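Engineer: My structure is below; once you've seen it, I'll send some questions.
Protein chains: 4
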Amino acid sequence: MDGAELEVRTLGPCRIDSPLLPLLGERPTTQHYIDEGDKVLFDDTLTMISSRKVPLDELPGFEPAGPRRKIYFDPSKTRVGIVTCGGLCPGLNNVIRGLVLELTNHYGVNRIFGFRHGYQGFIAKYGHSVVDLTPERVAHIDEDGGTILGTSRGQQDPGEIVDCLSRMNINILFVIGGDGTLRGARAIADVVTERGEKIAVVGIPKTIDNDIPYIDQSFGFQTAFAKAAESIRAASAEATSAPGGVGVVRLMGRHSGFIACYATLAKSDADVVLIPELPFTLEGERGLLTYLRRRVEKRGHAVVVVAEGAGQDLVEGLPESSDASGNRKLFDIGPELSRRITDHFAEHGTELNLKYIDPSYHIRSVPANPYDNVYTIRLAHAAVHAAMSGRTEMVVGRWRRRFIHMPIELAVSHRNQVDPAGDLWMSVLEATGQPYRFG
Amino acid sequence: MDGAELEVRTLGPCRIDSPLLPLLGERPTTQHYIDEGDKVLFDDTLTMISSRKVPLDELPGFEPAGPRRKIYFDPSKTRVGIVTCGGLCPGLNNVIRGLVLELTNHYGVNRIFGFRHGYQGFIAKYGHSVVDLTPERVAHIDEDGGTILGTSRGQQDPGEIVDCLSRMNINILFVIGGDGTLRGARAIADVVTERGEKIAVVGIPKTIDNDIPYIDQSFGFQTAFAKAAESIRAASAEATSAPGGVGVVRLMGRHSGFIACYATLAKSDADVVLIPELPFTLEGERGLLTYLRRRVEKRGHAVVVVAEGAGQDLVEGLPESSDASGNRKLFDIGPELSRRITDHFAEHGTELNLKYIDPSYHIRSVPANPYDNVYTIRLAHAAVHAAMSGRTEMVVGRWRRRFIHMPIELAVSHRNQVDPAGDLWMSVLEATGQPYRFG
Amino acid sequence: MDGAELEVRTLGPCRIDSPLLPLLGERPTTQHYIDEGDKVLFDDTLTMISSRKVPLDELPGFEPAGPRRKIYFDPSKTRVGIVTCGGLCPGLNNVIRGLVLELTNHYGVNRIFGFRHGYQGFIAKYGHSVVDLTPERVAHIDEDGGTILGTSRGQQDPGEIVDCLSRMNINILFVIGGDGTLRGARAIADVVTERGEKIAVVGIPKTIDNDIPYIDQSFGFQTAFAKAAESIRAASAEATSAPGGVGVVRLMGRHSGFIACYATLAKSDADVVLIPELPFTLEGERGLLTYLRRRVEKRGHAVVVVAEGAGQDLVEGLPESSDASGNRKLFDIGPELSRRITDHFAEHGTELNLKYIDPSYHIRSVPANPYDNVYTIRLAHAAVHAAMSGRTEMVVGRWRRRFIHMPIELAVSHRNQVDPAGDLWMSVLEATGQPYRFG
Amino acid sequence: MDGAELEVRTLGPCRIDSPLLPLLGERPTTQHYIDEGDKVLFDDTLTMISSRKVPLDELPGFEPAGPRRKIYFDPSKTRVGIVTCGGLCPGLNNVIRGLVLELTNHYGVNRIFGFRHGYQGFIAKYGHSVVDLTPERVAHIDEDGGTILGTSRGQQDPGEIVDCLSRMNINILFVIGGDGTLRGARAIADVVTERGEKIAVVGIPKTIDNDIPYIDQSFGFQTAFAKAAESIRAASAEATSAPGGVGVVRLMGRHSGFIACYATLAKSDADVVLIPELPFTLEGERGLLTYLRRRVEKRGHAVVVVAEGAGQDLVEGLPESSDASGNRKLFDIGPELSRRITDHFAEHGTELNLKYIDPSYHIRSVPANPYDNVYTIRLAHAAVHAAMSGRTEMVVGRWRRRFIHMPIELAVSHRNQVDPAGDLWMSVLEATGQPYRFG
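Top line first, the protein sequences correspond to chains A, B, C and D.
Counting from 1, position 185 in the first sequence corresponds to residue 185 in the UniProt record's numbering; the numbering is continuous, with no gaps.
Counting from 1, position 148 in the second sequence corresponds to residue 148 in the UniProt record's numbering; the numbering is continuous, with no gaps.
Counting from 1, position 438 in the third sequence corresponds to residue 438 in the UniProt record's numbering; the numbering is continuous, with no gaps.
Counting from 1, position 262 in the fourth sequence corresponds to residue 262 in the UniProt record's numbering; the numbering is continuous, with no gaps.
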């Protein structure tokens, strides 16, 4: 991580007075507006900083988010597009709503268009109409899950997308989506640059798995793990009510076990948590199956939480395949694990009543909870400020509780994962009592 | 339905003054206690009564539940057993709690035993210990789903069960369970009679599907359908967010579509509801698939709610098999329906994004909601009054908002089902707009 | 209660084929439509019927609700008005939505007008505009508490209201409101009759206190008491956490203690419940204060639930006054009771930490819960069927789980109250352990 | 803020191997344990660091929380006390539970005592018994609000408290409470030092108002503002349903407006938010009253959210008084504001239907939500690690998402407040549309 990687592109210098100035009235405005050139430090411990061996002013840091005194786009002439892509996540409608209200109420932008069903919405052949987004239209959409714009998976030709943006005289495009979507946004920004257009492309990272780096917690994540904790509670009720009761709960988390870890800590009924970050062995004296069987024999019941991406190495020789978003298809660990547990208990003559629970879409289709309501509004405000100041090819994030800007490049550079040596996993181990790893 | 069928057995005449008398203090006690011999009418319309052509005093009616002035068992010497059997249902712990508190606080009974894991709990070879049920032990169990006594499926030898009851000097056995369980309770009561013992066997009917007749709505049903409505909401969020979005929600309901109907009315997002009571055709101009496809083509999305017992005639030649409770195994309509929809849309070149949601155990493992809290307390009070007055081989029910007694025989005589000609189904049709039946 | 009182007026004979016929398709329609002339029996026990000493066909009964084969109004020419009056209640928007959807989707009525802010909406001088009610407009209003039409208290001149209805060619007026409102509706119907107009006036009774007779439970009641139970839970958390902790919870219930009773049974943390139906004494050996103090001295804490209409005789000489709806102003029992408890504990030197909780509008402003969603839809369907068949000066109700019609006269004839000799109050006494009455 | 202020005291060098070592098994333990001497940086922007003008290794920072390789107390001989003080806050039981489980399951400490009703629990004259805290006792307490230990306000003599600790051979005291309580804890630690005892005093800061500095968000805060948002929703339902509807919601927040701000952002129905940090003027052209009246005249309704500590300068000449915790008594802004609004509208002849809502204890007595469940467990783990390593006179906090140690001195040095020039208040202004300040 060095300074260059953290640097955010702008379309050009900001020369227009922000219309927020009168709003703020007598406020000591020197404090509120973000100073160009300030940085939110990337490092947070002395050890980390010391190891860099650079002078203070070369320490890497993110550009802070927030309103600027001068902006790049003239609000009265600005036309904005919004698109949501990929799988659902709690809070999508809140982000749309936050963008529209901030643009209209505070910057005075009043031509905002919603493109339907992800990147398909820009491509003529799909025939999706465009949605006029007004404050009235979005007033209550935060009460519903899903996205009023619809969504779809998969890329579309960036050239065609820019054709559409140009034709509609769009100046700012907000893209709400996951890492595949953000790569698409970067491709769009590249075409924009090649053609010398002045269109800002700003992403709001969406990931229910909380696996996009440098954003503390992704929007919708708290709603999601709270919902997931309900499944653990149900599994526990089932497991404790039956002789030899074992509940197996499969939760979202393709590459990262955050939902599994937080849901487990939120409802302390799990005995074992399996996450993609830590491979595990089923068989053998130190394997999961023996551990689980002994626990059931001793306590009468057990609950296993497994993230969908865990244990992918257990099955070999699967053909590689991917969905429209380019996500590799996973083999379904939940049923496989249930089968292996069943076989193992049968071999050892231990009574088993296994209940398998997969909340699937329940977790991602619900409306945002109050925390995510707040978070998405603030995130949307930050995105609008960034775009109005001409930032492009970037996403808004939150680094240690500070809203920041970061290049798309960085947001898609790797995945955020649970650190097996960090205090989150330590707390999970302490809460479940399971060993550090099986095998 | 005639008078004989409604008659409830008693162990003998009631001669002991009820200990509730002092509790009620100055209350006009003539009104409160139930008069022996009164009846809650079975019929509720003039047409029904007229068609009977019997004198007034021969009109069939249920014995009203409630406290009697004289009781059969001497509280200070009474020993009580409680057992929960079969699948989970919201409110099991509430019923246990209500029984224990009423027995101890108001009748002064203080030897109450919980048998573990259903009828297994009476049989020595399973080795399940007995639980002492005190007011302290049960004080907060209503906050949790499941059952603190555990449960299991399947019958055990009624002779062995009565051996156990005799050995422990149990005078009253409360059995909480579904129709298989209640048949078992009747067998126990038969053995008790044969042996000339004085043990009252009182059932509290449990059925998450609301399919036991003569009890208005079974406990846990409101909690269950409220939870099921969340799945419809999730399916709707998914369906409306994707191009060609179709949500398929599989809900409980082996023989009866009550959960499907109520959940649909509770969250008006469903386009089609399929219940076991109404066979349907998939193919053809008037079949479900064409209807669904046209709806998606017109509105862009649709939600289908299917009860697990619906459409069982769609697959032929399945081998018959049953679980330990004697329930015939159903073929899984959810995935099959999803597959048929997928094929049909593909054949017609209609875009489809099908999301399949099965809330499974979420619906039955949750704690009871406030309504079911109230209902289960009152039901438990009624059961205790019945048992203390020496009633046996009966269950407590609720007939048109009156708590009543009815013979077990009657409770298991048939299943309660949605009347396709009644106003519930009419309201569902009006809410979804679907035709009366497909095919 | 005799037959005449139960008879519902109609505007004239029904001669138009119901448009529901095609909807029902192949259904055995003989069963579904309601037979003119059938009755839902008023009595439910043999004792009650026997005491009437009338022939069977003279037994009193309500007209069953539901669709008729022939209707009175021609849907294509029918214009409908809807108005909501009085205080808020969960489910108001659901009723509006149910009326509109049923009228449009199933009867094909497409001119529906919402009058704003109660009866004010008909009176020119208030200047409230009329709202066009379409299926799109009402699609999601069930997600919000309150009423989209607004409401107000108080009567307006019935002549002026009928002037407005005539001017707008309204054929059916749905009035959603409490007993003051329903008296107003009767006055409107009287003017209609005097003038020889053909306008059906159909009421949907609204009462959060559940105090309108003959309707099982009023809509919104389950939502309300579930919410009220949260206050009891909060009071209990406070009381058990402080030395000498006493929680006092004031709940709605001007004349009836239903909310207090059900909320108490829903969350078993209350030690004392006070309702309007049972006067109580504060002072003296058998008074409430001594009872409460002893309970705190023994158990360390206590929770008191008091309905707003309880103990109105405790303060004498208050001037009589009323609000715009004609409701007599009550003196505020909550703070008074708190003061008296505080004084009493101080006199006896007993430590006291009293926490007073009044959930006030929280209880009535929330969206309806899933049960009330279902109930309000079905109630609205029943109201539409009644109006289309030309019934007038009536309300829809539910008598022992059957939807019925009843004259407004009957609905406002008296208030439904908790029967101190019935099983609800018995269950409350059993749950709290309090004496039948204080004093 | 300099380095000295951030330095945490220890009872002495850590020489005992942590029993966590075997738990962690094959984990790369070099990473997990906290290195003595590392610091979490206090500053987070380059500007802040640069302005310090000190060498890198002198930059101020907090000691990171977490397990140490060596600990100070020998677990097998350690005796622990836990006490909760002051007002209720969601999560108290969770913290108690987290402390007990971590101490027993992972450090093997098995003598843990709960002192009842705050500092009273140490003083003989109150006669409160001590509670044995075992894993079984605390297993499910997180499902309930309040605190199982009870609480009380006010200080007790620190000498007597230390007498009690010595007599019981307590080595570690965990104090959960607000700033008054923490001052008390410091006084206890001082006496401990004077007497040369080896008792670690570790605080877990509790403040529902989120006003303790350096802890990101205090536990229970998210639960509290989510609950508070329900009141805003109720107020909005009331206000929008009545002609001239104004909802006034009074929320907690003596010195800080965090609950008011977050609840407002969580449920975007508020038109005005008033917080203690920003004095406001009622009268005059730019005063609140005129603004509010115009808004009602234009939009028909409005919702005002007021923190309890706002507008304290509006009433002069109130006698100063304080409660047992030393908190100055506030005058009650809610009713006063309602009165002033009523008068103002009356003067201008504007119709007004004002509904006043005060959720009071509802907000603080509820169980913690899933997020706070997670947070409190992790906070409790951090507190146990700190105490076992001999840290004392400190509290655990969270600084920019890192759990840290800080001296009690610092935690009570000032109050955390909403920054009127920061992005939270900016987002509130943007969400409500209100001016920066009134007057």
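For every residue, glycine included, the Cβ atom is placed at its ideal position computed from N, Cα and C.
As the structure is a prediction and not an experimental result, all values here were calculated from the model.
Please report the residue range of the alpha helix (DSSP H) in which Ala228(D) lies.
Structural biologist: Counted from its first residue, the fourth sequence places residue 228(D) at position 228. Unbroken alpha helix (DSSP H) run through Ala228(D): 221-241.
Engineer: By how many angstroms is the C-alpha of Asp419(D) removed from the C-alpha of Leu265(D)?
Structural biologist: Locating residue 265(D) in the fourth sequence gives position 265, where the first residue counts as 1. Locating residue 419(D) in the fourth sequence gives position 419, where the first residue counts as 1. Using only the alpha carbons, I get a separation of about 16 Å.
Engineer: Starting from Arg183(D), trace the alpha helix (DSSP H) in both directions and tell me its first and last residue.
Structural biologist: Start at 1 with the first residue of the fourth sequence, and residue 183(D) comes out as number 183. Residues 179-194.
Engineer: Scan the stretch 359-404 of chain B and note each continuous beta strand (DSSP E) run of 3 residues or more that stays entirely inside, going in chain order.
Structural biologist: Runs found: 394-399.
Engineer: When the Cα atoms are used, what is the spatial distance from Thr281(D) to Leu314(D)?
Structural biologist: Counting from one through the fourth sequence, the residue named residue 281(D) turns up at place 281. Counting from one through the fourth sequence, the residue named residue 314(D) turns up at place 314. Cα to Cα, Thr281(D) sits roughly 8 Å from Leu314(D).
Engineer: Can you give me the C-alpha to C-alpha distance between Glu7(B) and Leu165(C), rounded to a whole angstrom?
Structural biologist: By 1-based counting over the second sequence, the position of residue 7(B) is 7. By 1-based counting over the third sequence, the position of residue 165(C) is 165. Looking at the two C-alpha atoms, the distance is approximately 56 Å.
Engineer: Using only alpha-carbon positions, find the residue among Asp372(B), Asp179(B), Phe258(B), Ala185(B) that is nearest to Val412(B).
Structural biologist: Taking the first residue of the second sequence as 1, we reach residue 412(B) at position 412. Of Asp372(B), Asp179(B), Phe258(B), Ala185(B), the residue nearest in Cα terms is Asp179(B).
Engineer: Flag this pair as yes or no: are the beta carbons of Ala224(D) and Arg364(D) separated by less than 8 Å?
Structural biologist: Here the question's residue 224(D) lines up with position 224 in the fourth sequence. Here the question's residue 364(D) lines up with position 364 in the fourth sequence. Cβ distance < 8 Å, so Ala224(D) and Arg364(D) count as in contact.
Engineer: Suppose only complete runs of 3+ residues qualify. What are the beta strand (DSSP E) ranges in the stretch 262-290 of chain B, listed by chain order?
Structural biologist: With a minimum length of 3 residues, the continuous beta strand (DSSP E) runs that stay inside the stretch 262-290 of chain B are 272-274.
Engineer: Figure out for me which residue from Val366(D), Gly61(D), Lys53(D) has the closest Cα to the Cα of Met48(A).
Structural biologist: As a working mapping, residue 48(A) is identified with position 48 in the first sequence. Among Val366(D), Gly61(D), Lys53(D), the Cα nearest to that of Met48(A) is on Gly61(D).
Engineer: Select from the stretch 125-143 of chain D all residues with a C-beta closer than 7 Å to any C-beta belonging to chain B, and list them in chain order.
Structural biologist: Going along the stretch 125-143 of chain D in chain order, one finds Glu143 with a Cβ nearer than 7 Å to chain B.
Engineer: For Gln155(A), would you say it is in contact with chain B, using Cβ-to-Cβ distances shorter than 8 Å as the test?
Structural biologist: Along the first sequence, read from residue 1 onward, the residue named residue 155(A) stands at position 155. Chain B, which has no Cβ nearer than 8 Å to the Cβ of Gln155(A), makes this no.
Engineer: With 8 Å as the threshold, decide whether the Cβ of Ser231(C) is near any Cβ in chain D.
Structural biologist: Along the third sequence, read from residue 1 onward, the residue named residue 231(C) stands at position 231. Judged by the 8 Å Cβ criterion, Ser231(C) is in contact with chain D.
Engineer: Is Trp425(D) buried or exposed, if buried means 16 or more other CB atoms sit within 10 Å of its CB?
Structural biologist: Position 425 of the fourth sequence holds residue 425(D). Buried, because 16 or more other Cβ atoms sit within 10 Å of the Cβ of Trp425(D).
Engineer: Once you ignore the five residues that flank Val70(C) on each side, which residues in its own chain have a CB closer than 7 Å to its CB?
Structural biologist: Residue mapping note: residue 70(C) aligns to position 70 of the third sequence, counting from 1. Rather than Val, the amino acid found at residue 70(C) in this sequence is Lys. Result list for Lys70(C): Cys14, Arg15, Ile16, Asp17, Ser18, in chain order.
Engineer: Given this structure, state the Cα-to-Cα distance separating Arg233(C) from Asp269(C), to the nearest angstrom.
Structural biologist: On the third sequence, residue 233(C) is found 233 positions in, with the first residue counted as 1. On the third sequence, residue 269(C) is found 269 positions in, with the first residue counted as 1. Each residue's Cα considered, the two are about 7 Å apart.
Engineer: Is the shortest distance between the beta-carbon of Asp38(A) and the beta-carbons of chain D less than 8 Å?
Structural biologist: Position 38 of the first sequence, counted from the start, is the residue given in the question as residue 38(A). Yes, its Cβ sits closer than 8 Å to a Cβ of chain D.
Engineer: Let's test the definition: count the other Cβ atoms within 10 Å of the Cβ of Arg293(B) and tell me whether it reaches 16, buried, or not, exposed.
Structural biologist: Start at 1 with the first residue of the second sequence, and residue 293(B) comes out as number 293. Buried: at least 16 other Cβ atoms inside 10 Å.
Engineer: Ends of the alpha helix (DSSP H) at Phe438(D)?
Structural biologist: The residue given as residue 438(D) occupies position 438 in the fourth sequence. Here Phe438(D) belongs to no alpha helix (DSSP H), and DSSP marks it neither H nor E.
Engineer: Using a beta-carbon distance below 8 Å, is Phe362(C) in contact with chain D?
Structural biologist: Locating residue 362(C) in the third sequence gives position 362, where the first residue counts as 1. Sequence check: residue 362(C) is His here, not Phe. By this cut-off, His362(C) is an interface position.
Engineer: Quick one: using the 10 Å Cβ neighbour count with 16 as the cut-off for buried, is Gly150(B) buried or exposed?
Structural biologist: Translated into the one-based positions of the second sequence, residue 150(B) becomes position 150. Result: buried.
Engineer: Enumerate in chain order the residues of its own chain whose CB-to-CB distance from Gly91(A) is below 6 Å, with the five nearest sequence positions on each side excluded.
Structural biologist: Stepping through the first sequence from its first residue, residue 91(A) is reached at position 91. Same-chain partners within the cutoff: Phe219, Gly220, Ala368, Asp372, Thr376.
Engineer: Please look up how many angstroms separate the CB atoms of Leu354(B) and Val248(B), rounded, as I've assumed it's under 8 Å.
Structural biologist: Along the second sequence, read from residue 1 onward, the residue named residue 354(B) stands at position 354. Along the second sequence, read from residue 1 onward, the residue named residue 248(B) stands at position 248. The Cβ separation is near 6 Å, so the contact holds.
Engineer: Who are the neighbours of Ser218(A) on chain D, taking C-beta pairs under 9 Å?
Structural biologist: As a first step, residue 218(A) is located in the first sequence; it is residue number 218 there, counting from the start. Correct list: empty, because the minimum Cβ distance to chain D is about 14 Å.
Engineer: Is Gly3(C) helix, strand or coil when you go by DSSP?
Structural biologist: Numbered from its first residue, the third sequence carries residue 3(C) at position 3. Helix, per DSSP.
Engineer: Out of Gly66(A), Ala226(A), Glu58(A), state which residue places its alpha-carbon closest to the alpha-carbon of Gly390(A).
Structural biologist: For this step, residue 390(A) is matched to residue 390 along the first sequence. Gly390(A) has its Cα closest to that of Gly66(A), out of Gly66(A), Ala226(A), Glu58(A).
Engineer: What in chain D is Cβ-close to Asp57(A), meaning under 8 Å?
Structural biologist: By one-based count along the first sequence, residue 57(A) stands at place 57. Residues of chain D passing the Cβ test: Leu46, Ser50.
Engineer: Quick one: Cα of Asn327(C) to Cα of Gly154(C), how far?
Structural biologist: The sequence position of residue 327(C) within the third sequence is 327, counting from 1. The sequence position of residue 154(C) within the third sequence is 154, counting from 1. Spanning the two alpha carbons is a distance of roughly 10 Å.
Engineer: When you compare only the Cα positions, how much space is there between Arg79(D) and Leu133(D)?
Structural biologist: As a working note, residue 79(D) is residue 79 in the fourth sequence. As a working note, residue 133(D) is residue 133 in the fourth sequence. Those two C-alpha atoms are separated by around 11 Å.
Engineer: What did DSSP end up calling Thr29(D) once you bin it into helix, strand or coil?
Structural biologist: Here residue 29(D) is taken as the residue at index 29 of the fourth sequence, counted from 1. Residue placement at Thr29(D) is flagged as unreliable, the pLDDT there being 45, under the threshold of 50; a coordinate-derived value is accordingly withheld.
Engineer: Can the beta-carbon of Ala239(A) be found closer than 8 Å to that of Ala302(A)?
Structural biologist: Within the first sequence, numbered from 1, the residue matching residue 239(A) stands at position 239. Within the first sequence, numbered from 1, the residue matching residue 302(A) stands at position 302. Closer than 8 Å, so yes.
Engineer: Could you check how far apart the C-beta atoms of Met168(C) and Ile208(C) are, in whole angstroms? I think they sit under 8 Å.
Structural biologist: What you label residue 168(C) is simply residue 168 of the third sequence in a count that begins at 1. What you label residue 208(C) is simply residue 208 of the third sequence in a count that begins at 1. The Cβ separation is near 31 Å, so there is no contact.
Engineer: Helix or strand or just coil, what does DSSP make of Gly247(C)?
Structural biologist: Position 247 of the third sequence, counted from the first residue, corresponds to residue 247(C). Three-state result, Gly247(C): strand.
Engineer: With DSSP as the reference, label Tyr356(A) as helix, strand or coil.
Structural biologist: Sequence index remark: in the first sequence, residue 356(A) carries index 356 (1-based). In this structure, Tyr356(A) counts as strand in the three-state DSSP scheme.
Engineer: So the alpha helix (DSSP H) Pro135(C) belongs to, where does it begin and stop?
Structural biologist: Position 135 of the third sequence, counted from the start, is the residue given in the question as residue 135(C). Looking at the DSSP string, the run of the alpha helix (DSSP H) that includes Pro135(C) is 135-138.
Engineer: With burial defined as no fewer than 16 other Cβ atoms inside 10 Å of the residue's Cβ, what is the status of Pro335(A): buried or exposed?
Structural biologist: What you label residue 335(A) is simply residue 335 of the first sequence in a count that begins at 1. Answer is exposed; the Cβ neighbour count stays below 16.
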